[in-house]
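Notes follow the structure.
Residue numbers (this note's numbering), protein chains in the order written: chain U, 1 to 110; chain H, 1 to 134; chain A, 1 to 115.
Right under this line is the structure:
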């Protein structure tokens, strides 16, 4: 099964290229020398959200099985739950970093 | 938990061995049950175990049926017994105490073994529930 | 060596060990069943093969076969000592795999939380 956490190095790189424009589609703020950086970052964010939704759905499905007594292996549910929570932390981390970078830039004197 | 699960499997093992122990205890309690010669003797009870869902390897065991021993019993000459017939014979069950004792030991051993599996499975499940708590 | 094992391989190992635990429980439940042949599971072969080829391992618990060891007069070949050893070893390996996976989650969490 795919483990979304493998994308951590990618996240760091994406934030480093300053693709802040992906957050607000109407913003005219674009980091210098990162013409394609905005699209790359927004697509990374979108993929992370999709993967997050998938892991959370999987975890919820297994939780429902555990509740009805249909769950075959308890570790299946525990693994899905941990993956969902780590994926959530990752997406929240991306969002926080992006927001703080955006705020930094907005504070810069023109 | 699902029906194909360690607790269910071992639970079926515990129940089946318990029923075996019950049958053996009953046989031992009745080893001296006297009947008249024109009646059937007390018949020893044997439980027949069979695997459930044998192909999956995860179905457990159940008591398929009970079988009964020899009804003819053995005739013993006891003319003073109130149930003795005209020739002075009464009927005792055809139960060998030594055989019943060794069955009891096997049934107890099987019961204990299944209990140990339940304990180990509990530890494993508890460990799995701690996954991710650091 | 544990550092090189992926979470998917650990998950496959956990599922295989859980199935082995169930089949061993089935053997012990049937220790006095006439005609019963002990079950044996194998997930290590396909897991090792997948890791050798660099593929993602399948998480399906492995295969179940019947032991062909000699039977007693009842047609039953379950050996309680062997099953007890297998059950104990399986339980310990299960906890070891859980431990390894827990370690991986911890290091990811640490990486996510430190700036």
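Beta carbons are placed, not taken as given, at the ideal position from N, Cα and C, and that holds for glycine.
Could you check what DSSP says for residue 20 of chain A in three-state terms: helix, strand or coil? Reduced to three states, the DSSP call for residue 20 of chain A is helix.
Check whether the segment 70-81 of chain U touches the segment 75-95 of chain H, counting contact only when three or more Cβ pairs, one atom from each stretch, lie closer than 8 Å. Not touching, per the Cβ criterion.
In this structure, does DSSP put residue 135 of chain H in helix, strand or coil? Given that chain H is displayed from residue 1 to residue 134, the structure contains no residue 135 of chain H and the question cannot be resolved.
Check for me: the alpha helix (DSSP H) holding residue 99 of chain U runs from which residue to which? Note, residue 99 of chain U: alpha helix (DSSP H), 74-106.
DSSP three-state assignment for residue 46 of chain H, whether helix, strand or coil: In this structure, residue 46 of chain H counts as strand in the three-state DSSP scheme.
Straight-line Cα distance separating residue 43 of chain A from residue 17 of chain A: Across the structure, residue 17 of chain A and residue 43 of chain A are spaced so that their CA atoms are roughly 8 Å apart.
Contact between the segment 50-63 of chain A and the segment 5-15 of chain A is defined here as three or more beta-carbon pairs at a separation below 8 Å; is this criterion met? Verdict: yes, contact present.
Going by the beta-carbon positions, is the gap between residue 128 of chain H and residue 105 of chain A smaller than 9 Å? The answer is no: Cβ separation not under 9 Å.
What are the residues of the segment 62-94 of chain A that lie near chain H, defined by any Cβ-Cβ distance shorter than 9 Å? So the close ones are 64, 65, 66, 80, 83, 84, 87, 88, 90, 91, 94.
Where do the N-terminal and C-terminal ends of the alpha helix (DSSP H) with residue 24 of chain H fall, by residue? Its alpha helix (DSSP H) spans residues 6-29.
DSSP three-state call for residue 75 of chain A: helix, strand or coil? Looking at residue 75 of chain A - three-state DSSP - the assignment turns out to be coil, as it is neither helix nor strand.
Can you list, in chain order, the residues of its chain whose CB lies under 8 Å from that of residue 108 of chain U, leaving out five sequence neighbours each side? In the same chain as residue 108 of chain U, and ignoring 5 residues on each side of it, no C-beta atom comes closer than 8 Å to its own.
Collapsed DSSP secondary structure at residue 69 of chain A in the structure displayed: Looking at residue 69 of chain A - three-state DSSP - the assignment turns out to be coil, as it is neither helix nor strand.
Compare the C-alpha of residue 69 of chain H against each of H:120, H:27, H:90, H:59 and name the closest. Comparing Cα-Cα distances from residue 69 of chain H to each of H:120, H:27, H:90, H:59, the minimum goes to H:27.
Would you call the segment 119-128 of chain H and the segment 28-47 of chain A touching, i.e. three or more CB-CB distances under 8 Å? The segment 119-128 of chain H is not in contact with the segment 28-47 of chain A.
Pull up the DSSP beta-bridge partners for residue 91 of chain H, would you. Paired residues: H:35, H:75.
Measuring CA to CA, which of A:87, A:110, A:108, A:80 is closest to residue 122 of chain H? Ranking the options by Cα distance to residue 122 of chain H, first place goes to A:87.
Hey, does residue 57 of chain H have any beta-carbon neighbour from chain U nearer than 9 Å? By this cut-off, residue 57 of chain H is not an interface position.
In this structure, does DSSP put residue 39 of chain A in helix, strand or coil? It is a strand residue.
Residues of the segment 82-106 of chain U whose Cβ lies closer than 8 Å to any Cβ of chain H, in chain order: Listed in sequence order: 82, 85.
In its own chain, which residues sit with a C-beta less than 6 Å from the C-beta of residue 42 of chain H, not counting the 5 before and 5 after it? Correct list, in chain order: 30, 33, 93.
CB contact check: residue 113 of chain A to chain U, cutoff 9 Å: Closer than 9 Å to some Cβ of chain U, the Cβ of residue 113 of chain A qualifies, so yes.
Does DSSP put residue 114 of chain A in a helix, in a strand, or in coil? Residue 114 of chain A falls in the coil class under three-state DSSP.
I want to see whether chain A comes within less than 9 Å of residue 44 of chain U, judged by CB atoms only; does it? The beta carbon of residue 44 of chain U does not come within 9 Å of any beta carbon belonging to chain A, so the residue lies off that interface.
What does the Cβ neighbour count give for residue 85 of chain A, buried or exposed, with the cut at 16 atoms within 10 Å? In the assembly as shown, residue 85 of chain A is an exposed residue. Its beta-carbon has fewer than 16 other beta-carbons within 10 Å.
Alpha carbon to alpha carbon, what distance is there between residue 49 of chain H and residue 140 of chain H? Past the edges of chain H, shown from 1 to 134, lies residue 140 of chain H, and the structure says nothing about it.
Is it true that the segment 57-69 of chain H meets the segment 1-20 of chain H, where meeting means three or more beta-carbon pairs spaced less than 8 Å apart? Yes: the two stretches touch, three or more of their Cβ pairs being nearer than 8 Å.
By the three-class DSSP mapping on this structure, what secondary structure does residue 27 of chain U have? Reliability of the predicted coordinates at residue 27 of chain U is poor, the pLDDT of 35 falling under 50, and no value is obtained from them.
Tell me whether residue 95 of chain A sits in a helix, a strand or coil according to DSSP, three-state version. DSSP places residue 95 of chain A within a helical segment (H, G or I) once states are collapsed to three.
Identify the continuous beta strand (DSSP E) that holds residue 67 of chain H and give its terminal residues. Going by DSSP, residue 67 of chain H is part of the beta strand (DSSP E) stretching over 61-68.
Is residue 32 of chain A buried or exposed, if buried means 16 or more other CB atoms sit within 10 Å of its CB? With at least 16 other beta carbons inside 10 angstroms of its own, residue 32 of chain A counts as buried.
Any C-beta of chain U within less than 9 Å: which residues of the segment 72-105 of chain H qualify? Along the segment 72-105 of chain H, there is no position whose C-beta sits under 9 Å from a C-beta of chain U.
Strictly under 9 Å for the Cβ-Cβ distance: is residue 72 of chain U near chain H by that measure? Residue 72 of chain U counts as touching chain H.
Looking at the unbroken alpha helix (DSSP H) that takes in residue 57 of chain H, where does it start and where does it end? For residue 57 of chain H, there is no enclosing alpha helix (DSSP H), as DSSP marks it with neither H nor E.
So, is residue 68 of chain A buried or exposed, given that buried needs 16 or more other C-beta atoms within 10 angstroms? Exposed: under 16 other Cβ atoms inside 10 Å.
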